[in-house]
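Counting from 1, position 106 in the sequence shown corresponds to residue 107 in the working numbering; the numbering is continuous, with no gaps. Every residue, glycine too, gets a C-beta built ideally from N, C-alpha and C. Fair warning: this is a prediction, and the values are worked out from it, not measured in the lab. These notes are about the structure you will find just below.
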Amino acid sequence: MVMNELAGIADRLPLVTQIYPTSRSSTTEDLEDAIRDLTRHFTYLSHTVATRDRQARRYPGRYTAQLREGTTALAHAATPTGRALAALGEAVTATGHLHHLAHSPPGPGHAEDLQHTIEVLGVHVTQARAHLFAAARQLRADAHRLLTAQAPAAPSALTTLPVPAASSSHRGHGR
Numbered sequence: 002m003v004m005n006e007l008a009g010i011a012d013r014l015p016l017v018t019q020i021y022p023t024s025r026s027s028t029t030e031d032l033e034d035a036i037r038d039l040t041r042h043f044t045y046l047s048h049t050v051a052t053r054d055r056q057a058r059r060y061p062g063r064y065t066a067q068l069r070e071g072t073t074a075l076a077h078a079a080t081p082t083g084r085a086l087a088a089l090g091e092a093v094t095a096t097g098h099l100h101h102l103a104h105s106p107p108g109p110g111h112a113e114d115l116q117h118t119i120e121v122l123g124v125h126v127t128q129a130r131a132h133l134f135a136a137a138r139q140l141r142a143d144a145h146r147l148l149t150a151q152a153p154a155a156p157s158a159l160t161t162l163p164v165p166a167a168s169s170s171h172r173g174h175g176r
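Now the structure itself:
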């Protein structure tokens, strides 16, 4: 489900404590993977909304309230998903600056610039993670709401009148 996959992308993003200005750091690869996966899911959200809009126009009698509500839920998830993608774009910019600093000869203020860039990168990755978790939470809540709305009502505990048990007073008499 999209909500689990968005949360999974967030989980795979590096933590602030895992960001280093060294070639052994996998931050750039982690960001590349996250952006590729997130772009695929963002495209899915957009495609699904557009497809269902076409279906609603072509087959209005078949477009149920449940489809309409599900489409709206997916459309609402696009906002935090897009914000996560934008934050990852900012993280790539910070990663590029970090790369530049890491491969430049040290000079005055070099260590401070490195530290500041790592902090900026951490902020953007943290923002992306928060937006992804928000999108996943929103989709999960919408799915729960939609499933609850479509679930049939539970039958009443007493839908029929109780039937008295057969009398046992005739046993043992007359034999």
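Given Leu46, which residues of its chain have a CB within under 8 Å of its CB, disregarding the five upstream and five downstream residues?
Position 45 of the sequence shown holds residue 46. Result list for Leu46: Val3, Leu75, Ala76, Ala78, Ala79 and Thr82, in chain order.
If Leu7 and Ala95 are in contact, beta carbons under 8 Å, what's the gap, nearest whole angstrom?
Counting from 1 along the sequence shown, the entry for residue 7 is found at position 6. Counting from 1 along the sequence shown, the entry for residue 95 is found at position 94. Between Ala95 and Leu7 the Cβ distance is about 22 Å, and since that is not below 8 Å, they are no contact.
In the structure shown, what three-state DSSP assignment does Pro107 receive?
Within the sequence shown, numbered from 1, the residue matching residue 107 stands at position 106. DSSP places Pro107 in coil when its eight states are reduced to three.
Straight-line CA distance for His98 to Arg84?
Here residue 98 is taken as the residue at index 97 of the sequence shown, counted from 1. Here residue 84 is taken as the residue at index 83 of the sequence shown, counted from 1. In a straight line, the C-alpha of His98 is about 21 Å away from that of Arg84.
Tell me, please, whether the segment 117 to 129 touches the segment 18 to 37 by the rule of three or more beta-carbon pairs shorter than 8 Å.
yes
Assign His48 to one of two classes, buried (16 or more other C-beta atoms within 10 Å of its C-beta) or exposed (fewer than that).
Within the sequence shown, the letter at position 47 stands for residue 48. Answer is exposed; the Cβ neighbour count stays below 16.
Would you say Leu86 faces chain C, with C-beta separation under 8 Å as the test?
In the displayed structure, chain C is absent; only one protein chain is listed.
By a C-beta neighbour count over all protein chains shown, 10 Å radius and 16 as the cutoff for buried, is Thr44 buried or exposed?
Residue 44 sits at position 43 when you count from the first residue of the sequence shown. By the 16-neighbour rule on beta-carbons within 10 angstroms, Thr44 is exposed.
In chain order, what residues of the same chain lie with their CB nearer than 6 Å to the CB of Asp114, ignoring the 5 residues before and after it?
Taking the first residue of the sequence shown as position 1, residue 114 is located at position 113. Closer than 6 Å at Cβ, skipping near neighbours: Leu102.
Leu133 and Ile10 - do their beta-carbons sit closer together than 8 Å?
Position 9 of the sequence shown, counted from the start, is the residue given in the question as residue 10. Position 132 of the sequence shown, counted from the start, is the residue given in the question as residue 133. With respect to the 8 Å criterion, Ile10 and Leu133 are classified as neighbours on the basis of their beta carbons.
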